[in-house]
Amino acid sequence: MTNKSEPIDPLARGAVSFEAALHQRGISLANQSFLKNLSATINIAGCVPMESYIKVERVEGGPALQVHAGYTNGFRSAEEIRHIFGEVDLWPSQRFDGAWGVTHPDSGIGRADNREKSAEIIRKVCPTCFILMAASGVCSSCE
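Put into structure tokens, the structure is as follows:
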């Protein structure tokens, strides 16, 4: 087990580059672009693909970041997030005391609502036979 004060060996435990991990996980291009600031700002020791996220280990030790498809958590403070990304959608994380998270631009939030609304089609009743018409507005009984 690594002591938190010791630097982490970048080649330890199957670590891969940050860019390779994002690609392997299938992170969207919008989120890959957003996350470039992370790799440019934090000294990344290595990335370990986990089952549902990418574990980003810091060279100086400390809490690893968890990069999920639509968010990243494990930041030490809201200020750390602002320093990396600027003004973004951030929130307190329950992962550990004092942890913070950031929502990625392509987070999927609201997608289900949008799909429901776009799939919701108002169908009219045929004025002749009073049966619900097809979405095209043509009554299958009266054609």
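Heads up, the sequence shown is in numbering that gives the first Met the number 0, so the first residue is 0 and it goes up one at a time. Glycine included, every Cβ here is placed at the ideal spot set by N, Cα and C.
Three-state secondary structure (DSSP) of arginine 154: There is no way to answer for residue 154, as the model of the chain reaches only from 0 to 142.
Exposure of asparagine 42, with buried meaning 16 or more beta-carbon neighbours within 10 Å: Exposed, because fewer than 16 other Cβ atoms sit within 10 Å of the Cβ of asparagine 42.
For arginine 24, the three-state DSSP class (helix, strand or coil): It is helical.
Three-way DSSP call (helix, strand, coil) for alanine 133 in this model: In the structure shown, alanine 133 sits in coil (DSSP, three-state: anything other than H, G, I, E or B).
Inter-residue spacing [alpha-carbon to alpha-carbon] between proline 104 and phenylalanine 129: Inter-residue distance for proline 104 and phenylalanine 129 is about 47 Å (C-alpha atoms, whole angstroms).
C-beta atoms of glycine 73 and glycine 107 nearer than 7 Å: Not a contact, by the Cβ cut-off of 7 Å.
Whole-angstrom distance between arginine 94 and leucine 37, CA atom to CA atom: If you draw a straight line from the Cα of leucine 37 to the Cα of arginine 94, it is about 19 Å long.
Alpha-carbon to alpha-carbon, serine 140 and glutamate 50: If you take the alpha carbons of glutamate 50 and serine 140, they lie about 53 Å apart.
Buried versus exposed, by CB contacts within 10 Å (16 or more), tryptophan 99: Buried, by the Cβ-count rule.
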